[in-house]
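Quick mapping for you: the protein sequence lines, in order, are chains W, Z and H.
If you're matching positions, the first sequence starts at 1 in our numbering and goes up one per residue.
If you're matching positions, the second sequence starts at 1001 in our numbering and goes up one per residue.
If you're matching positions, the third sequence starts at 2001 in our numbering and goes up one per residue.
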Amino acid sequence: MEGELAHIGAGLAGMGTGIAALGVGNVAANFLAGALRNPSAAASQTATLFIGIAFAEALGIFSFLVALLLMFAV
Amino acid sequence: MATETHDAGQAAADMAHGAAQGGVGMPQLDFSTFPNQVFWLAVTLVVIYLVLSRVALPRIGGILAERTGTITNDLAAAEDLKAKAVEAEEAYNQALADARSEAQRIAAEARAEIQADLDDAIAKADAEIAAKTAESEKAIAEIRAGALESIQTVAKDTTAEIVGALGFQADDAAVAGAIADRMKG
Amino acid sequence: MATEAHGAEHAAETGGLVFHPMDQFIVKPLFGGDTISWYTPTNVTLWMAISILVIVGLLVMGSSRRAIVPTRMQSMAEMTYGFIHKMLEDICGKEGLKFFPYVMTLFMFIVTANFLGLVPMSFTLTSHFAVTVVLALLVFLTVTIVGFVKNGASFLGLFWVSSAPLALRPILAVIELISYFVRPVSHSIRLAGNLMAGHAVMKVFAGFAALTIVSPVSILAITAMYGLELLVAFVQAYVFTILTCVYLKDALHPSH
Chain W
1 MEGELAHIGA GLAGMGTGIA ALGVGNVAAN FLAGALRNPS AAASQTATLF IGIAFAEALG
61 IFSFLVALLL MFAV
Chain Z
1001 MATETHDAGQ AAADMAHGAA QGGVGMPQLD FSTFPNQVFW LAVTLVVIYL VLSRVALPRI
1061 GGILAERTGT ITNDLAAAED LKAKAVEAEE AYNQALADAR SEAQRIAAEA RAEIQADLDD
1121 AIAKADAEIA AKTAESEKAI AEIRAGALES IQTVAKDTTA EIVGALGFQA DDAAVAGAIA
1181 DRMKG
Chain H
2001 MATEAHGAEH AAETGGLVFH PMDQFIVKPL FGGDTISWYT PTNVTLWMAI SILVIVGLLV
2061 MGSSRRAIVP TRMQSMAEMT YGFIHKMLED ICGKEGLKFF PYVMTLFMFI VTANFLGLVP
2121 MSFTLTSHFA VTVVLALLVF LTVTIVGFVK NGASFLGLFW VSSAPLALRP ILAVIELISY
2181 FVRPVSHSIR LAGNLMAGHA VMKVFAGFAA LTIVSPVSIL AITAMYGLEL LVAFVQAYVF
2241 TILTCVYLKD ALHPSH
């Protein structure tokens, strides 16, 4: 019973990964919109883009990690 | 934390299970392998750091600097050649301008010489013409004076005749004075 | 080990489909035996050695001819050098360049380990928290020590947001302090989590390949995931390095 609950929890935590994907998509979409409006400034901001994506993605990875812990370590 | 210590405690058993059954559980949380991984990671990082900082990076940096140097040198040489070409062109232009001004100078000189000759000739001609004119004027004046004298003589004679014919004694001096008066007009 | 029993049961229920997505991450001794003490040569040792060989091959052998007109290997080495050099100079300025060998070491190790992990049957070093936590703690300690050595107590100005209203500053200071200490956590878990997730997903798809009907789809999916993982392998190394540069900038110029 305990294990099955853990698996349900893992599934719920896994949803966090998808929600983080929304965040990453948001970062990329806004970057693209800005880049199309001012293409000359885009090249200098790719580093910022990757930093933003990394921060957004890290939180998704946290929820993925929780899912893994529930699946395999509880 | 409880889970983790539990895991660490059971690590050896876990490993045995893992080898036997294909393992369930996260190998990442198997703390018994941590010292091993950290040790080998430290060795690896130290080796990479030494290789990079002692050999690879100075060498690649050197290559890049050398390439930049070569390119800069080549550019400088090209710049030099270009400057030389510009210099040569300037010298050519200078020579051209010199030749042109020399030619102009010679032409002006020749023109001045000719002008001087011309002026000379004109002056000489002018002087000759003036001399001739003066001579002619003198001749004309002589002729005119001659003519006036003749007129006076004729007038005097005529007057004396006319006066005699009218029965008067002509006074020479009075006649001469009257004629001179009339001639003045 | 109730979970293991559950797992085995589960495998039996799904009719022969066996998923062991985490097996690829198991650390095994190279020459047999069960115990792993700190010096035992394991598959970790093997792949660390291979990474060293690859890095030496690329950066040392590749540049050994010192050609003015580079060969392919040499121009790869030069591009890597120029890439990290420019990144560090753009973010940290000239004074950051004395950390160049250090940042280069981190980048080369992570990128090589990530790509080597994508070789079939290989072992992914950077998917282990033991490895990434050490890397992140190295960065964290370097930044903290350099910050205090260079700026003294004024390094604490990093947490005191002088552009915020005075009343908010203590709250912001607490938040900044927490975020400062969360840095190594997110820094390490991002790298390990990304790699672990990608490799585990590939293994799950590989598990589905046992069913004849779905196996073409599963093989296509593995191919697509592999392409994505190639991208992730580079991007994660890039992100780790660029965040290292950003943290170093905090240490060198702590004013907000």
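Virtual Cβ for every residue (Gly too), placed ideally from N, Cα, C.
Check: Chain H contacts from the stretch 38-55 of chain W (Cβ-Cβ distance under 9 Å); Outcome: 44, 47, 50, 51, 53, 54, 55
Check: Residue environment, residue 2229(H), which counts as buried when at least 16 other CB atoms sit within 10 Å; Outcome: buried
Check: Simplified DSSP assignment, three categories, for residue 1044(Z); Outcome: helix
Check: Chain-ordered chain A contacts of residue 2101(H) [CB-CB under 7 Å]; Outcome: In the structure shown, chain A cannot be found, because the protein chains are W, Z and H.
Check: Beta carbon of residue 2127(H) nearer than 8 Å to that of residue 2061(H); Outcome: no
Check: Beta-carbon neighbours of residue 1025(Z), restricted to chain W and to distances below 9 Å; Outcome: 72, 73
Check: Under 7 Å (Cβ pairs) to chain Z, residues found in the stretch 4-17 of chain W; Outcome: none
Check: Contact set between residue 2202(H) and chain Z, taken where Cβ atoms lie within less than 8 Å; Outcome: Near residue 2202(H) there are no residues of chain Z at all, since even the closest Cβ is about 16 Å away, more than 8 Å.
Check: Integer Cβ distance of residue 2198(H) from residue 2232(H), believed to fall under 8 Å; Outcome: 6 Å
Check: Contact the stretch 2240-2254 of chain H vs the stretch 2088-2098 of chain H: 3+ CB pairs below 8 Å; Outcome: yes
Check: Nonlocal neighbours in the same chain, by C-beta distance under 7 Å from residue 2156(H), ignoring five residues either side; Outcome: none
Check: Beta-carbon neighbours of residue 2243(H), restricted to chain W and to distances below 8 Å; Outcome: 51, 54
Check: C-beta neighbour in chain W for residue 1029(Z), strict 8 Å; Outcome: yes
Check: Where the stretch 2178-2203 of chain H meets chain W: residues whose CB sits under 7 Å from a CB there; Outcome: 2186, 2189, 2190, 2193, 2194, 2197
Check: Contacting residues, own chain, Cβ-Cβ under 6 Å from residue 2136(H) (five flanking each side not counted); Outcome: 2184, 2187, 2188
Check: Three or more C-beta pairs below 8 Å linking the stretch 2104-2121 of chain H and the stretch 2037-2045 of chain H; Outcome: no
Check: Nearest residue (CA-CA) to residue 2226(H), options 2210(H), 2201(H), 2241(H); Outcome: 2201(H)
Check: CB contact check: residue 2052(H) to chain Z, cutoff 8 Å; Outcome: yes
Check: Buried versus exposed, by CB contacts within 10 Å (16 or more), residue 1052(Z); Outcome: buried
Check: Three-pair Cβ contact test at 8 Å for the stretch 25-35 of chain W versus the stretch 60-69 of chain W; Outcome: no
Check: Short CB-CB distance (under 8 Å) between residue 2225(H) and chain W; Outcome: no
Check: The stretch 46-65 of chain W contacting the stretch 13-28 of chain W, beta-carbon criterion three pairs below 8 Å; Outcome: yes
Check: Distance between residue 1114(Z) and residue 1088(Z) (C-alpha atoms, nearest Å); Outcome: 39 Å
Check: Within-8 Å CB hit, residue 2008(H) to chain W; Outcome: Unreliable placement is indicated for residue 2008(H), whose pLDDT of 44 sits below 50; the coordinate value is still reported in the next sentence. Closer than 8 Å: no.
Check: 7 Å Cβ shell around residue 2132(H) - same chain, five flanking residues per side excluded; Outcome: 2126, 2188, 2191, 2192
Check: Which of helix, strand or coil DSSP assigns to residue 2212(H); Outcome: coil
Check: Residue 2029(H) - DSSP class collapsed to helix/strand/coil; Outcome: strand
Check: Three CB pairs or more closer than 8 Å across the stretch 2061-2073 of chain H and the stretch 1058-1066 of chain Z; Outcome: yes
Check: Test: residue 2247(H) CB closer than 8 Å to a CB of chain W; Outcome: no
Check: Exposure label - residue 1184(Z); buried when at least 16 CB within 10 Å; Outcome: exposed
Check: Contact set for residue 2150(H): own chain, Cβ-Cβ below 8 Å, skip 5 residues either direction; Outcome: 2251, 2252
Check: For residue 1179(Z) and residue 1155(Z), the rounded distance between their alpha carbons; Outcome: 7 Å
Check: Residue 2028(H) versus residue 2034(H) - alpha carbon distance; Outcome: 8 Å
Check: Residues in the stretch 2016-2047 of chain H having any Cβ partner in chain W nearer than 8 Å; Outcome: 2022
Check: Contact check, residue 2124(H) vs residue 2025(H), beta carbons under 8 Å; Outcome: yes
Check: Nearest-angstrom beta carbon gap, residue 2111(H) and residue 2084(H) [assumed within contact, 8 Å]; Outcome: That pair is no contact at about 10 Å.
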